[in-house]
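To keep things clear, I will list the structure first and then write my remarks on it.
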DNA sequence: GATATTGCGGATCTTTTTAGTCCGAGATAG
DNA sequence: CTATCTCGGACTAAAAAGATCCGCAATATC
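Residue numbers (our numbering), protein chains in the order written: chain P, 808 to 962; chain Z, 808 to 962.
Here is the structure:
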């Protein structure tokens, strides 16, 4: 899992603390967390494509949440960056070699692939259970204003 | 996640169907699933190191389960191949850059890292809930004997 | 209307991981 | 005791992913 996953989780949390209608540019966010600006910008695009963020170009442009923070889950962000595919891929080796099963016996999906898919679903459910609003609720009440203040002064 | 994960899940399931005390060599298993023998042997070693399999060298040697099938979970196998580390790694970027939090504010772990760890734990729990014995229980009753028969004739 | 600023996408380079091969150490059977 | 069969770990290519850079389109400001 790339390091940019952490970057975007934090950036989305930061954007969720801005006043509605306010945007933050990629350069601002990069400076806020001391990250390589070019690469961060590229990853932010993935979140725009996924529909979690919205972007406006031109001067005073930047990124903002595309939906209320309560409707953006950690899963939305993680899958936008890392892809939604399961890491385990069943290649049906049970149908190959000396021990090959007949096609008829393979009508139902492989038990092992099924269990791996179950685990992946458990992982997804866990991440989908937390929204950005939930994350903000755990921060001290003074956090949003400080974030806005520190963000405003950046380039 | 490497393709060898699938290989070893299936190989372990196969070994679980052998009579106690019987071993299967890497060459036999490779032939059984039509896999590159040398590379499979390398991956089987990881399972030996993790303690899930036991190996005996010399003529008539090979691999066998190191414990009863009911005490080997899918998680044991997956983590032996793919490593036990969580794919998400918190690098504490909240302490860097313009928005850096004070060390005192970082006494408790980052909320995002916590949620990601929770998801990983959910994934592990799901895999740990299934043992090789559970997998065998889903197969038709005739499966183990056929597996032994087809395995016996191999090189 | 010109200019500067910002996001967007493609092409490129580097690094890491994966896939695969090979030869040596050790143990068993005869 | 010897020959053969097995695992064991080191070594080498290949592919994928990470990370970076540059030019293009769009928009608000002056």
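In this text, a Cβ means the ideal position worked out from N, Cα and C, and glycines have one as well.
- Looking from the CA of residue 847 of chain P, the closest CA among P:855, P:866, P:858, P:834 belongs to P:834.
- Under the 8 Å criterion on CB atoms, residue 938 of chain P is classed as non-interfacial with respect to chain Z.
- In the displayed model, residue 945 of chain P falls within a helix according to three-state DSSP.
- In the three-state reduction of the DSSP assignment, residue 820 of chain P falls in the helix class.
- Judged by pairs of C-beta atoms under 8 Å, the segment 878-893 of chain Z touches the segment 812-819 of chain Z, as three or more such pairs exist.
- Below the 9 Å Cβ cutoff, chain P contributes no neighbours of residue 861 of chain Z, its closest Cβ being approximately 22 Å away.
- Counting along the chain, the unbroken beta strand (DSSP E) around residue 871 of chain Z starts and ends at 869-872.
- Just measuring C-alpha positions, the residue of Z:879, Z:854, Z:867 sitting nearest residue 941 of chain Z is Z:879.
- Following the DSSP letters along the chain, one finds residue 837 of chain Z inside the alpha helix (DSSP H) bounded by residues 833-840.
- Residues of chain Z whose Cβ lies closer than 7 Å to the Cβ of residue 933 of chain P are, in chain order, 925, 926, 929.
- In the DSSP assignment, residue 938 of chain Z forms a beta bridge with Z:880.
- Inter-segment contact for the segment 843-858 of chain Z and the segment 916-926 of chain Z is absent: fewer than three beta-carbon pairs are separated by less than 8 Å.
- Only 894, 895, 897, 898, 900, 901, 903, 904, 905, 906, 918, 919 from the segment 893-921 of chain P bring a Cβ to less than 7 Å from some Cβ of chain Z.
- Close partners of residue 957 of chain P in chain Z (Cβ separation under 8 Å): 905, 906.
- Per DSSP, reduced to three states, the secondary structure at residue 860 of chain Z is strand.
- For residue 846 of chain Z, the three-state secondary structure derived from DSSP is helix.
- Judged by their CB atoms, residue 870 of chain Z and residue 820 of chain Z are not nearer to each other than the 8 Å cut-off.
- Only buried fits residue 906 of chain P, as 16 or more other CB atoms lie within 10 angstroms of its CB.
- By the neighbour-count definition (other C-beta atoms within 10 Å, threshold 16), residue 888 of chain P is a buried residue.
- Per DSSP, the unbroken alpha helix (DSSP H) holding residue 959 of chain Z starts and ends at 950-959.
- Of P:932, P:837, P:922, the smallest CA-CA separation from residue 822 of chain P is found for P:837.
- Proximity of residue 840 of chain Z to chain P, defined by a Cβ-Cβ separation below 8 Å, is satisfied.
- Residue-level contact by beta carbon holds for residue 813 of chain Z and chain P, with a gap shorter than 8 Å.
- Taking a beta-carbon distance threshold of 8 Å, residue 888 of chain Z does not count as an interface residue toward chain P.
- Taking C-alpha positions only, residue 808 of chain Z is separated from residue 856 of chain Z by approximately 19 Å.
- The three-state reading of DSSP puts residue 910 of chain P in helix, counting H, G and I together.
- When secondary structure is reduced to three states using DSSP, residue 916 of chain Z falls in the coil class, being assigned neither helix nor strand.
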